[in-house]
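Position one of the sequence shown corresponds to residue 13 (our numbering), numbered consecutively onward.
All C-beta atoms in this analysis are idealised placements derived from N, C-alpha and C, irrespective of residue type, glycine included.
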Amino acid sequence: MISLYNIKAIIKRFFQPSPTVIREFDLETLPWIDQPNADIDGFARQFASRYTDLPYDMAEKLHFWKENGYVVLDKVIAPEWADQLWRETEELIANSEQYKVNIRVDLPDYQHAPVQEARALPKSVLGGKFIKFMDFHNASIIGKKIMLHHSIVTFLEAVFGERVVAMQSLLFKFGSQQATHQDFAYVVSEIPSHLAAAWIALEDVQIDAGPLYYYPGSHKLKKFDFGNGIFFNGNSTHNPNDFARYLDEACQKAGIERKTLLIKKGDVLLWHASLAHGGDPIRNADMTRKSYVCHYSSVSAYKHHRHRAADEPKRYSLNGADVFLNPSLPDQEDIFRAGETM
Ligand SMILES: O=C(O)CCC(=O)C(=O)O
13 MISLYNIKAI IKRFFQPSPT VIREFDLETL PWIDQPNADI DGFARQFASR
63 YTDLPYDMAE KLHFWKENGY VVLDKVIAPE WADQLWRETE ELIANSEQYK
113 VNIRVDLPDY QHAPVQEARA LPKSVLGGKF IKFMDFHNAS IIGKKIMLHH
163 SIVTFLEAVF GERVVAMQSL LFKFGSQQAT HQDFAYVVSE IPSHLAAAWI
213 ALEDVQIDAG PLYYYPGSHK LKKFDFGNGI FFNGNSTHNP NDFARYLDEA
263 CQKAGIERKT LLIKKGDVLL WHASLAHGGD PIRNADMTRK SYVCHYSSVS
313 AYKHHRHRAA DEPKRYSLNG ADVFLNPSLP DQEDIFRAGE TM
């Protein structure tokens with residue numbers, strides 16, 4: 013006999029709504045510029061008084077962004093700022109035993125624990141390839157000042173139509189050689205379409221140093237399905253290699269030509285959450301490709317530090333944007349202070 017308890021259990025098992033599988037960004041919360049009839053000229057006119065001190069034309073850049081999914085801002089970071097950030101990175105490598113800054117190591121020997129504190133790693137590994145210095149901005153005042161540079165955050169504030177919150181950063185000494193991807197699959201905020209990134213050249217990029225490549229207009233492609241929607245996580249049945257193959261083929265089919273980023277020290281590439289990009293192979297093993305990548309969201313989409321979802325974050329604010337202090341490593345915050353007087 014089927015008891016009431018069993019009936020309830022059957023109903024629960026078969027009629028519970030399954031977790032929503034996301035296949036596209038939600039139209040309602042899409043940044044205004046990604047909406048079909050975005051009035052870019054009207055927007056730029058409305059806020060024109062805010063843009064008079066920028067070294068670029070806001071309306072022109074916004075049109076280019078909508079069409080291509082990226083913009084390049086020339087000469088926005090002072091060379092002394094780029095040099096200071098790099099001096100601090102070299103200090104971290106040289107005296108790594110003193111620092112707890114997190115490092116991601118994408119080498120076979122580290123697959124069991126790819127993220128380690130700097131002090132736990134041999135200097136030969138730290139100063140080599142397949143290394144990402146994670147959230148260095150938390151340790152560095154100049155890192156924070158570059159991340160929240162007026163020219164960068166003013167553009168992104170225009171794109172989101174809201175206050176900008178920086179989410180995370182990665183510093184590279186060498187080219188990443190990373191397969192083609194779109195960042196929204198890996199860097200997820202409460203509103204996944206509220207995401208953009210900056211690639212900041214800390215030296216002139218050489219063609220043999222494994223430059224960044226990208227596909228203009230690829231932000232409009234149909235999204236890849238990891239088997240459980242558009243985000244890559246523990247339940248995905250497809251992997252980053254499948255993602256890369258899909259994107260390379262989709263761009264080829266759409267006739268999109270792959271571009272190589274050969275910008276100069278202090279120049280910045282800003283890219284859309286869905287711009288397909290990756291790192292070219294390093295053809296000259298001795299060549300560095302010093303760069304600083306920062307990811308950004310909006311105040312409505314990134315409300316808590318990703319390590320401490322329940323707590324109100326402590327903020328560093330500059331140029332009308334915020335970045336959260338790292339609640340997991342409070343004694344490493346701003347240990348590099350030279351940026352204070354720059
Ligand atoms: O700089 C690179 O080579 C890749 C960086 C990148 O793809 C990313 O951080 O999303």
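Residue i: first and last residue of the uninterrupted beta strand (DSSP E) it sits in
i, result
"A56", "That residue, A56, is in no beta strand (DSSP E); its alpha helix (DSSP H) goes 52–58."
"H289", "289–291"
"M146", "143–146"
"A209", "208–213"
"R327", "327–330"
"A178", "176–184"
"L224", "224–226"
"I115", "114–117"
"E324", "Element bounds for E324: n/a, residue is neither H nor E."
"V33", "Segment: none, V33 is in no beta strand (DSSP E) and carries neither H nor E."
"E129", "127–129"
Any non-hydrogen atom of ligand 1 closer than 6 angstroms to residue i Cβ
i, result
"Q194", "no"
"V200", "no"
"Q180", "no"
"V305", "yes"
"S309", "no"
"L224", "yes"
"G291", "yes"
"Q190", "yes"
Pair within 7 angstroms by beta-carbon distance, residue i and residue j
i, j, result
"I212", "Y63", "no"
"G81", "H231", "yes"
"I154", "L97", "yes"
"L182", "P223", "no"
"A208", "L168", "yes"
"H316", "P325", "yes"
"K276", "D216", "yes"
"R367", "V84", "Within the shown structure, residues of the chain are numbered from 13 to 354, placing residue 367 beyond reach of any answer."
"R270", "Y225", "yes"
"A297", "Y227", "no"
"F186", "R301", "yes"
Whole-Å CB distance - residue i paired with residue j, under 8 angstroms assumed
i, j, result
"A130", "I115", "5 angstroms"
"P91", "G291", "About 24 angstroms; that fails the 8 angstroms criterion."
"P67", "S188", "At roughly 28 angstroms, the Cβ-Cβ gap does not stay under 8 angstroms, so P67 and S188 are not in contact."
"Y328", "K112", "That belief does not hold up - the Cβ atoms of Y328 and K112 are roughly 19 angstroms apart, past 8 angstroms."
"V280", "A210", "5 angstroms"
"Y198", "F145", "Rounded, the Cβ-Cβ distance is 17 angstroms, inconsistent with contact."
"A94", "L233", "That pair is no contact at about 33 angstroms."
Close Cβ partners of residue i (< 6 angstroms) along its chain, the five nearest in sequence each way excluded
i, result
"F348", "E100, A151, S152"
"M13", "The pLDDT assigned to M13 is 44, lower than 50, so where the model puts this residue is not dependable; a value taken from the coordinates is nonetheless given after this. Here the set comprises nothing."
"G139", "I105"
"A350", "Q96"
"A56", "M70, A71"
"K24", "Its pLDDT being 46, under 50, K24 is placed unreliably in this model, and the value from its coordinates should be taken loosely. So the list is empty, once near-sequence residues are dropped."
"S248", "F238, G239, N240"
"H250", "F238, G239"
Limits of the unbroken alpha helix (DSSP H) element including residue i
i, result
"W283", "Element bounds for W283: not the alpha helix (DSSP H) but the beta strand (DSSP E), 280–284."
"H162", "162–172"
"K157", "153–159"
"M70", "70–80"
"D260", "252–265"
"W44", "That residue, W44, is in no alpha helix (DSSP H); it is neither H nor E in DSSP."
"I242", "No alpha helix (DSSP H) holds I242; DSSP gives it neither H nor E."
"D334", "Careful: D334 lies outside any alpha helix (DSSP H), inside the beta strand (DSSP E) at 333–336."
"V137", "135–138"
"E102", "91–106"
Neighbourhood of residue i by C-beta distance below 7 angstroms, restricted to the same chain and skipping five residues each side
i, result
"K235", "R35, E36, I242"
"V33", "N240, G241"
"Y17", "Residue placement at Y17 is flagged as unreliable, the pLDDT there being 47, under the threshold of 50; a coordinate-derived value is accordingly withheld."
"M357", "Not covered by the structure: residue 357. The range shown for the chain is 13 to 354."
"D195", "L207, A209, A285, H307"
"D118", "P126, F142"
"I89", "I158, H161, I212, G278, V280"
Own chain partners of residue i with C-beta closer than 8 angstroms, once the 5 adjacent residues on each side are dropped
i, result
"A191", "P252, N253, F255, A256, G290"
"Y314", "V177, M179, S201, E202, H206"
"K135", "I105, A106, S108"
"S340", "H319, R320"
"D323", "H316, H317, P339"
"K78", "I45, D46, A50, I52"
"A21", "With a pLDDT of only 49 at A21, under 50, the local geometry of the prediction cannot be trusted, and the value read off the model is given with reservation. Hits under 8 angstroms: none found."
"G332", "V165, T166, E169, R175, V176"
"G229", "E79, N80, G81, A266, I268"
"E352", "I153"
Residue-chain proximity (residue i, chain C), Cβ-Cβ < 7 angstroms
i, result
"W77", "The chain inventory of the structure shown lacks chain C, comprising one protein chain alone."
beta-carbon residue i near ligand 3 non-hydrogen atom, thresh 6 angstroms
i, result
"I164", "Absent from the structure shown: ligand 3. Ligands present: ligand 1."
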